[in-house]
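Read the structure below first, then the notes.
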Amino acid sequence: MATLNVGNLGSLGDYLREQRRTAQLSLRQLADAAGVSNPYLSQIERGLRKPSAEVLQQVAKALRISAETLYVRAGILDEKDLEELETRAVLLADPSINERQKQVLLQIYDSFRKENAAEAAAEAAARAAADPEASDR
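Numbering of the sequence shown is given in my numbering, commencing with residue 4 and proceeding in unit increments.
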(Lines of atoms letter the chains of each structure in order from A and count residues from 1; the text may use other names and numbers.)
(Lines give C-alpha, C1' and ligand atoms only; values in the text may rest on other atoms or scores of the structure.)
Protein backbone atom coordinates (compact mmCIF):
# COMPACT_ATOMS: atom_id res chain seq x y z
CA MET A 1 0.00 0.00 0.00
CA ALA A 2 1.42 3.42 -0.96
CA THR A 3 1.81 6.09 1.68
CA LEU A 4 -0.18 9.26 1.38
CA ASN A 5 2.33 11.72 2.81
CA VAL A 6 0.40 14.96 2.84
CA GLY A 7 2.40 18.09 3.66
CA ASN A 8 4.34 17.69 6.90
CA LEU A 9 2.55 14.53 7.96
CA GLY A 10 5.52 12.34 7.03
CA SER A 11 7.83 14.39 9.21
CA LEU A 12 5.20 14.44 11.95
CA GLY A 13 4.94 10.66 11.82
CA ASP A 14 8.70 10.23 11.79
CA TYR A 15 9.01 12.64 14.72
CA LEU A 16 6.30 10.84 16.70
CA ARG A 17 7.94 7.46 16.07
CA GLU A 18 11.30 8.85 17.19
CA GLN A 19 9.77 10.34 20.36
CA ARG A 20 7.91 7.10 21.10
CA ARG A 21 11.07 5.05 20.72
CA THR A 22 13.05 7.49 22.87
CA ALA A 23 10.38 7.10 25.55
CA GLN A 24 10.76 3.32 25.12
CA LEU A 25 7.06 2.85 24.44
CA SER A 26 5.50 0.41 22.03
CA LEU A 27 2.89 1.68 19.61
CA ARG A 28 0.21 -0.04 21.69
CA GLN A 29 1.49 1.47 24.96
CA LEU A 30 1.47 4.98 23.51
CA ALA A 31 -1.97 4.47 21.97
CA ASP A 32 -3.34 3.33 25.36
CA ALA A 33 -1.67 6.22 27.22
CA ALA A 34 -2.98 8.75 24.69
CA GLY A 35 -6.46 7.27 24.53
CA VAL A 36 -6.40 6.62 20.78
CA SER A 37 -6.61 3.36 18.88
CA ASN A 38 -3.49 1.46 17.98
CA PRO A 39 -4.32 1.39 14.23
CA TYR A 40 -5.07 5.12 14.20
CA LEU A 41 -1.75 5.96 15.87
CA SER A 42 0.04 3.66 13.42
CA GLN A 43 -1.58 5.50 10.51
CA ILE A 44 -0.46 8.85 11.96
CA GLU A 45 3.11 7.58 12.28
CA ARG A 46 3.05 6.36 8.67
CA GLY A 47 1.67 9.67 7.40
CA LEU A 48 -1.68 8.21 6.34
CA ARG A 49 -3.84 10.25 8.71
CA LYS A 50 -3.89 13.87 9.75
CA PRO A 51 -4.60 14.01 13.49
CA SER A 52 -6.65 16.74 15.10
CA ALA A 53 -5.12 19.19 17.55
CA GLU A 54 -6.91 17.31 20.34
CA VAL A 55 -5.33 13.99 19.38
CA LEU A 56 -1.92 15.65 19.11
CA GLN A 57 -2.40 17.12 22.57
CA GLN A 58 -3.25 13.69 24.00
CA VAL A 59 -0.22 12.11 22.31
CA ALA A 60 2.06 14.93 23.50
CA LYS A 61 0.82 14.50 27.06
CA ALA A 62 1.45 10.75 26.90
CA LEU A 63 4.97 11.36 25.55
CA ARG A 64 5.57 14.23 27.99
CA ILE A 65 6.53 16.62 25.21
CA SER A 66 5.21 19.99 24.09
CA ALA A 67 1.90 19.83 22.22
CA GLU A 68 2.92 23.02 20.43
CA THR A 69 5.94 21.21 18.93
CA LEU A 70 3.57 18.64 17.46
CA TYR A 71 1.28 21.42 16.20
CA VAL A 72 4.22 22.95 14.30
CA ARG A 73 5.20 19.54 12.88
CA ALA A 74 1.59 18.99 11.76
CA GLY A 75 1.35 22.45 10.18
CA ILE A 76 -1.30 23.63 12.64
CA LEU A 77 0.96 26.23 14.22
CA ASP A 78 3.60 28.43 12.63
CA GLU A 79 7.20 28.27 13.93
CA LYS A 80 7.11 31.98 14.87
CA ASP A 81 3.93 31.38 16.85
CA LEU A 82 5.67 28.56 18.69
CA GLU A 83 8.58 30.80 19.68
CA GLU A 84 6.17 33.39 21.07
CA LEU A 85 4.21 30.75 22.98
CA GLU A 86 7.37 29.29 24.45
CA THR A 87 8.57 32.72 25.58
CA ARG A 88 5.22 33.41 27.22
CA ALA A 89 5.22 29.98 28.87
CA VAL A 90 8.67 30.56 30.35
CA LEU A 91 7.62 33.91 31.77
CA LEU A 92 4.40 32.51 33.21
CA ALA A 93 6.16 29.50 34.74
CA ASP A 94 8.81 31.50 36.61
CA PRO A 95 8.14 30.95 40.32
CA SER A 96 10.42 33.80 41.38
CA ILE A 97 8.04 36.54 40.17
CA ASN A 98 4.45 37.20 41.15
CA GLU A 99 1.40 37.30 38.87
CA ARG A 100 1.36 41.10 38.57
CA GLN A 101 5.04 41.10 37.56
CA LYS A 102 4.37 38.37 35.00
CA GLN A 103 1.56 40.40 33.44
CA VAL A 104 3.76 43.52 33.30
CA LEU A 105 6.53 41.54 31.61
CA LEU A 106 4.07 40.15 29.06
CA GLN A 107 2.79 43.67 28.33
CA ILE A 108 6.34 44.91 27.78
CA TYR A 109 7.08 41.89 25.59
CA ASP A 110 3.96 42.58 23.49
CA SER A 111 4.84 46.26 23.13
CA PHE A 112 8.38 45.41 21.94
CA ARG A 113 7.00 42.91 19.42
CA LYS A 114 4.51 45.48 18.07
CA GLU A 115 7.19 48.17 17.91
CA ASN A 116 9.59 45.88 16.04
CA ALA A 117 6.86 44.76 13.62
CA ALA A 118 5.97 48.40 12.89
CA GLU A 119 9.64 49.25 12.30
CA ALA A 120 10.06 46.28 9.97
CA ALA A 121 6.96 47.27 8.01
CA ALA A 122 8.19 50.86 7.73
CA GLU A 123 11.61 49.67 6.51
CA ALA A 124 9.99 47.40 3.94
CA ALA A 125 7.77 50.25 2.73
CA ALA A 126 10.81 52.56 2.46
CA ARG A 127 12.73 49.94 0.45
CA ALA A 128 9.74 49.43 -1.85
CA ALA A 129 9.39 53.20 -2.38
CA ALA A 130 13.11 53.56 -3.13
CA ASP A 131 13.09 50.68 -5.61
CA PRO A 132 9.56 50.19 -7.04
CA GLU A 133 10.79 47.57 -9.51
CA ALA A 134 11.95 45.33 -6.64
CA SER A 135 8.34 44.48 -5.80
CA ASP A 136 7.81 43.34 -9.41
CA ARG A 137 10.61 40.75 -9.19
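The C-beta atom is built at its ideal place from N, Cα and C for all residues, glycine as well.
| Going by the beta-carbon positions, is the gap between residue 14 and residue 76 smaller than 8 Å? | yes
| request: Enumerate in chain order the residues of its own chain whose CB-to-CB distance from residue 56 is below 7 Å, with the five nearest sequence positions on each side excluded. | output: 74 and 79
| request: Please state if the CB of residue 37 and the CB of residue 70 are separated by a distance shorter than 8 Å. | output: no
| field | Ranges of the alpha helix (DSSP H) found wholly within the segment 25-94, counting only runs of at least 4 | value | 30-37, 41-48, 56-66 and 70-77
| task | Just the C-alpha distance for residue 114 and residue 24, rounded to the nearest angstrom, thanks. | result | 42 Å
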